[in-house]
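22 is the number of the first residue of the sequence shown in this note's numbering; add one for each residue after it. Ideal Cβ positions, reconstructed from N, Cα and C, are used throughout, including at glycine. No experiment lies behind these values; they were computed from the predicted model shown. Everything below concerns the one structure shown next.
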Amino acid sequence: MATPATLDPVFETPHVTRATRPAVPLVVALPGTGSDADFARRAFGPASAARGFELIAVEPDPLAVVASCHAALDAAAARGPVLAAGISLGAAIALEWAGAHPESTAGVVAALPAWTGSDTARCPAALSAAVTAGQLRADGLEAVIARMRASSPRWLADALTQSWRSQWPHLPRALEEAADYKWPSTDRLATVDAPVAVVTAEDDPVHPLAVAEEWARLIPHARLFRTTLAELGADPAILGDTGFTAFD
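The following block contains the structure:
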């Protein structure tokens with residue numbers, strides 16, 4: 022179900038004319054905390070390919086997660102309008118970047134937003150990242166992976182096992198950066214001019230439905246789309262398939 026909003030014209034940006042902009046935007050896909058380009062590609066690649074959009078799936082630098090995502094967005098913007106598609110932390114980075122670069126932004130897919138505002142003391146995603154970073158420093162990678170796999174759905178366990186091993190030994194630093202990240206404020210959400218699809222898994226306790234509803238309410242040109250963790254686990258492409266319908 023989607024809440025109504027005004028999204029036209031979808032791929033127009035204030036300072037890019039029809040004569041100078043590419044026919045289609047570049048999709049920059051940003052993964053969530055501790056995740057990788059492979060999951061971002063699986064989430065947004067099929068929907069991009071179906072529409073003829075070029076996809077750039079970002080592999081975050083665990084030593085500079087946010088900066089490396091910004092660099093990828095900036096590089097894409099040098100080529101043309103950007104459709105920024107992010108998951109969790111990636112959604113926040115995409116939205117913040119879009120708010121700061123309206124002239125370069127064709128749209129945003131903000132999948133699984135976790136929090137609003139700089140006070141993250143009660144943010145489940147931030148708390149989880151901080152606890153996991155501490156466990157990794159104390160117990161090492163494989164012990165923490167074993168505990169994670171015992172308590173996670175198979176699809177999530179497999180995805181995190183892959184990304185965590187690829188980011189080791191710098192993974193704790195990446196998680197600590199995510200834990201310290203200040204999420205977009207209500208003021209920032211209210212000033213994003215681009216069309217935004219907010220996608221939520223309504224039964225996800227780490228990325229609460231109430232946060233997605235708040236984002237969709239505060240962002241001027243936003244639509245809210247709902248899925249479930251079971252659907253996400255069956256096929257991550259549901260994030261792109263669902264979110265991109267806002268721009269069709």
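Annotation: T126 to L104 spans about 6 Å, alpha carbon to alpha carbon. The residue among A71, D224 and A121 with its C-alpha nearest the C-alpha of D95 is A121. Taking 8 Å as the cut-off, the Cβ atoms of Q188 and D59 do not count as close. By the criterion of a C-beta distance shorter than 7 Å, I259 is surrounded in its chain by T248, E252 and L253, once the five residues flanking it on both sides are discounted. Every alpha helix (DSSP H) of 4 residues or more that sits fully in the stretch 160–194 is shown, in chain order, as 162–172 and 175–188. In the DSSP assignment, L47 is bridged to E75 and V103. Assignment of I108 by DSSP, reduced to helix, strand and coil, places it in the strand class. The bridge partners DSSP lists for G128 are L104. Comparing alpha carbon positions, the residue from E80, P102, W136 and G55 closest to A231 is W136.
By DSSP's assignment, R247 forms a beta bridge with T221. Look at A142 here: in three-state DSSP terms it is coil, with no helix or strand label. Where V227 is concerned, there is no enclosing alpha helix (DSSP H), because DSSP gives it neither an H nor an E.
Shown here for R194: same chain residues with a beta carbon closer than 7 Å to its own, the five before and five after excluded, namely P83 and L84 in chain order.
The Cβ neighbour count for A119, taken over all protein chains shown within 10 Å, is at least 16; the residue is labelled buried. Taken through DSSP and simplified to helix, strand or coil, D82 comes out as strand.
Cβ contact annotation for L250 (same chain, cutoff 8 Å, sequence separation greater than five): P174, A222, D224 and D225, in chain order. Contact between T153 and L196 holds, since their C-beta atoms are separated by about 6 Å, short of 8 Å. In this model, S172 and A99 are separated by some 43 Å (Cα to Cα).
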